[in-house]
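Student: I have a structure here, written as structure tokens, and I will follow up with some questions on it.
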Amino acid sequence: MTSIADVEQLEDLLSRPTPEVVETMRRVEGDLMFLGVGGKIGPTLARMARRASDEAGARRRVYGVARFSDRALRQRLESWGIETIACDLLDRDALARLPEVPNLYYLAAMKFGTTGQEDMTWAMNTYLPGMVCERFPKSRLVSYSTGNVYPLVPAGRGGSVESDPLAPVGEYGASCLGRERILAYFSRKFNMPVVLLRLNYAQEPRYGILVDIAQQVLAEQPVDVTMGYFNAIWQGDSNAMTLRAIEHAAVPPRAINLAGPEELHVRHVAAEFGRLFGKPVRITGSEAPDALLSNGRLGYELLGRPTVTPDQMMRWIADWLLRGGVTHGKPTKFQARDGRF
């Protein structure tokens, strides 16, 4: 595929299940619930689960839970066969009314705008996971975490692995480590199987580090290379790995990195977008020796390797932006080296 025509085709592509996901949904018993389904990843993730379940002949309900301030999103999810439930997850009474399910995918989190809203950041990222565990102590849970729980590490050495000491930079990363610790506590308390997916970072034409760099090059703005290296994984690949992770939930929780195998260089990525756009590339700063980098090897062994290369992602993104494709309008702020988002 050389071009992604529109949002409809994009969301079809991001939610297309692999044969391995179909087999996982065949083996998994019971209904699925996606908490915080309204974010960037949730809609296509839940849709992939619905499609894989249908292909597997698994009769189950797939629930999507969010506040649903976007009415169109709720209608789109319903059209895909996902049963939506409007819920403020921080409201204990509303949380208590959610149906019982054996399989939970925890997507609710706060990153953007965390600076200045530190109290809400900690409530969403640390307090809420405990509430969810108390509400669903008999469920299996897959929770997104983030590579931000790791410290900055030297470039060129393969990135952080799951057994490395955790030392987040900044309050957002600290709150995400708090989420992991709270989930570990309740996992042991309730004998509740949990898997923690340290995602670093999902990409698609509407959002991601590659989109950030591409937009700067297209607008002929300078690209800062101080945070000079990063990992990138196609969101369709991370969706497939996320759904398969339910079978690896354990007590105490198992951590798995979800990251692209390549250590991408901001400078080189900018140059490639310059070539694709036919634009000059302006660089500012110089590369620091360390960056936020994750090693995804364990994830590939357990959940499958990514299928979409960085080159393919860049070609799709460049084509998308040149044709005026919509974006989420949320810069990743990956350049921040102090953890302030």
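Taking numbering that gives the first Met the number 0, the leading residue of the sequence shown gets 0, the next gets one more, and so forth. The beta-carbon is built from N, C-alpha and C at its ideal position, and this holds for glycine as well.
(1) Assuming Asp87 contacts Arg66 (C-beta within less than 8 Å), just tell me the rounded distance between them.
(2) Just to confirm the assignment: which complete alpha helix (DSSP H) runs, minimum length 4, are found wholly within the stretch 151-205?
(3) Of the choices Thr283, His267, Ala249, whose alpha-carbon is the least far from that of Tyr228?
(4) Is it buried or exposed, Thr43, if we count other Cβ atoms within 10 angstroms and call 16 or more buried?
(5) In whole angstroms, give me the CA-to-CA distance for Leu195 and Phe185.
(6) Suppose only complete runs of 4+ residues qualify. What are the alpha helix (DSSP H) ranges in the stretch 95-124, listed by chain order?
(7) With respect to the beta strand (DSSP E) encompassing Asn294, which residues constitute its N-terminal and C-terminal limits?
(8) Between which two residues does the beta strand (DSSP E) containing Thr145 stretch?
(9) Sort out for me which residues DSSP pairs Phe229 with in a bridge.
(10) Report the three-state DSSP secondary structure of Ile3 (helix, strand or coil).
(11) Assuming the contact rule is C-beta atoms closer than 8 Å, Val384 and Gly172 should be a hit. Round their C-beta distance to whole Å, please.
(12) Would you report the Cα separation of His264 and Ala4, rounded to the nearest angstrom?
(13) For Met32, write down the residues that DSSP places opposite it in a beta bridge.
(14) Within a Cβ cutoff of 7 Å, which residues of the same chain sit near Ala57, ignoring the five residues on either side of it in sequence?
(15) With DSSP as the reference, label Val307 as helix, strand or coil.
(16) Going by the beta-carbon positions, is the gap between Thr283 and Pro204 smaller than 8 Å?
(17) Using the C-alpha atoms, what's the distance from Pro330 back to Asp69?
(18) Going by DSSP, what residues sit across from Ala222 in a beta bridge?
(19) Nearest-angstrom Cα distance between Ser52 and Gly41?
(20) Looking at C-alpha atoms only, which residue of Ala231, Glu179, Lys188, Val168 is the closest neighbour of Pro260?
(21) Within 10 Å of its beta-carbon, does Ser237 have 16 or more other beta-carbons around it, so buried, or fewer, so exposed?
(22) Roughly how many whole angstroms lie between the Cα atoms of Tyr143 and Gly35?
(23) If I'm right that Ala55 touches Leu31 with Cβ under 8 Å, what's the distance once you round it to whole angstroms?
(24) DSSP puts Asp289 in a beta bridge; with which residues?
(25) Three Cβ pairs or more, each shorter than 8 Å: is that satisfied between the stretch 240-253 and the stretch 294-305?
(26) Starting from the C-beta of His327, find all residues in its chain whose C-beta is less than 7 Å away, skip the five residues before and the five after it, and write them out in chain order.
(27) Under a Cβ-count criterion, where at least 16 other Cβ atoms within 10 Å of its own Cβ denotes burial, should Met226 be classed as buried or exposed?
(28) Is Leu217 near Phe276, with beta carbons less than 8 Å apart?
(29) Exposed or buried, what is Val6 when buried is set at 16 or more other beta-carbons lying within 10 Å of its beta-carbon?
(30) Assign Thr23 to one of three DSSP states: helix, strand, or coil.
(31) Would you grab the beta carbon distance between Val250 and Met312 for me? Rounded to a whole angstrom, and I think it's under 8 Å.
Tutor: According to the structure data:
(1) The C-beta distance from Asp87 to Arg66 rounds to 6 Å, short enough to meet the 8 Å contact threshold.
(2) Complete alpha helix (DSSP H) runs here, min 4: 169-189.
(3) In terms of CA proximity to Tyr228, His267 leads the group Thr283, His267, Ala249.
(4) The residue in question, Thr43, is buried, as its Cβ has 16 or more Cβ neighbours within 10 Å.
(5) Their backbone Cα atoms lie some 13 Å apart in a straight line.
(6) Given a length threshold of 4 residues, each whole run of the alpha helix (DSSP H) inside the stretch 95-124 is given here in chain order: 117-121.
(7) Per DSSP, Asn294 belongs to no beta strand (DSSP E) and is neither H nor E.
(8) Per DSSP, Thr145 belongs to the beta strand (DSSP E) from 139-145.
(9) Per DSSP, Leu263.
(10) Coil, per DSSP.
(11) Residue 384 lies beyond the residue range present for the chain, which begins at 0 and ends at 340; the question has no answer from this structure.
(12) Across the structure, His264 and Ala4 are spaced so that their CA atoms are roughly 28 Å apart.
(13) As a beta-bridge residue in DSSP terms, Met32 pairs with Tyr62, Leu103.
(14) Only Met24, Arg25 meet the Cβ criterion.
(15) Coil, per DSSP.
(16) Taking the C-beta atoms as reference points, Pro204 is found no nearer than 8 Å to Thr283.
(17) If I take the Cα positions, the gap works out to 20 Å.
(18) Strictly speaking, residue 222 in this sequence is Val, with Ala absent from that position. Residue pairing for Val222: DSSP places it in a beta bridge opposite Ile282.
(19) So the alpha carbons of these two residues sit roughly 16 Å apart.
(20) Ranked by Cα distance from Pro260, the options Ala231, Glu179, Lys188, Val168 are led by Ala231.
(21) With 16 or more Cβ atoms within 10 Å of its Cβ, Ser237 is classed as buried.
(22) Their Cα atoms are separated by approximately 11 Å.
(23) Going by Cβ atoms, the distance from Ala55 to Leu31 rounds to 12 Å, so no, they are not a contact pair.
(24) Answer is Pro153, bridged to Asp289.
(25) Yes: the two stretches touch, three or more of their Cβ pairs being nearer than 8 Å.
(26) Within the same chain, Lys39, Arg205, Tyr206 come within 7 Å of His327 by CB-CB distance, once the 5 residues on both sides are set aside.
(27) It counts as buried.
(28) Yes. Within cutoff.
(29) Its Cβ having fewer than 16 others within 10 Å, Val6 is exposed.
(30) Correct three-state label for Thr23: helix.
(31) That pair is no contact at about 36 Å.
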